[in-house]
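So the structure is just underneath, and the comments pick up after that.
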Amino acid sequence: MAKAYIALGSNLGDRLSHLSDAIEAIASLPEETSVIGVSSIYETKPVGYLDQPNFLNAVLVISTDLKADRLLTHLLAIEQQQKRVRSIRNGPRTIDLDLLLYDQQIIEQPPTLIVPHPRMQDRAFVLRPLCDVAANVIHPVFTKTIQALYEVVSGKEDVICYRKTLRRDYEGFVN
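Here it is as structure tokens:
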């Protein structure tokens with residue numbers, strides 16, 4: 000089974016519900032997929048396109064028999080089910096699901112599947128919640144821990160803990 004790390008973000012509507020619904024949908028994926036970790040929830044200002052509401056961000060850890068490309072296909076389908084609209088780059092969205100890491104694999108199938116995520120090392124809003132569940136995991140390209148990568152960008156963006164747990168079902172998975 001592979002261990003995959005998925006970033007979740009939402010800044011439209013009921014942000015917590017969008018995150019929770021995405022986690023439930025991912026937990027229901029086929030091929031022996033199960034949730035094994037959920038970070039705290041963090042609130043962050045938008046990056047890139049600034050004229051939009053703040054985001055809630057989290058990271059989910061799953062164990063799965065799905066190959067990375069099939070997992071990505073399912074993540075994109077979940078975004079569609081949750082009415083994600085891709086009209087503005089870095090624009091507002093009901094849900095954003097990014098495959099950050101898939102075991103220690105380096106996968107390059109541009110433009111859709113690049114693992115590790117090509118910009119994760121520059122984004123405190125990704126690295127902070129990832130530290131909750133994978134601080135000592137080594138980034139397969141940069142060969143540094145996630146914690147070390149976060150320390151480089153930690154002062155560049157405000158990443159505020161919004162909530163320690165997403166929902167009662169997942170309390171045991173935080174940290």
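Residue numbers (numbering that gives the first Met the number 0): 0 to 174. Beta carbons are placed, not taken as given, at the ideal position from N, Cα and C, and that holds for glycine. These numbers were taken from a predicted model, which means no experiment stands behind them.
Close Cβ partners of T93 (< 7 angstroms) along its chain, the five nearest in sequence each way excluded = Residues S9, L11, G12, H17, Q81, K82, R83 of the same chain have their beta carbon placed closer than 7 angstroms to that of T93, with the five preceding and five following residues left out of the count.
With DSSP as the reference, label S19 as helix, strand or coil.
-> helix
State the start and end residues of the unbroken beta strand (DSSP E) segment that holds I145.
-> Unbroken run through I145 is the alpha helix (DSSP H), 145-152; no beta strand (DSSP E).
E156 in three-state terms, based on DSSP | coil
Beta carbon of A123 nearer than 8 angstroms to that of E156 | yes
Does DSSP put D131 in a helix, in a strand, or in coil?
-> helix
State the Cα-Cα distance for the pair L148 and L28, rounded to the nearest angstrom.
-> Roughly 30 angstroms between the two C-alpha positions.
Any idea if I40 is buried or exposed, counting beta-carbon neighbours within 10 angstroms, 16 or more meaning buried?
-> Looking at its Cβ environment, which holds 16 or more other Cβ atoms inside 10 Å, I40 is buried.
Taking all protein chains shown into account, decide if P128 is buried (16 or more other Cβ within 10 angstroms of its Cβ) or exposed.
-> buried
In angstroms, rounded to a whole number, what distance separates the CA positions of T32 and L98?
-> Distance from the CA of T32 to the CA of L98, rounded to the nearest whole angstrom, comes to 15 angstroms.
Grab the span of the alpha helix (DSSP H) containing Q80 for me, first residue to last.
-> 67-80
Taking only the alpha-carbon atoms, compute the straight-line gap between L96 and T142 and give it to the nearest angstrom.
-> C-alpha separation (whole angstroms): 24 angstroms.
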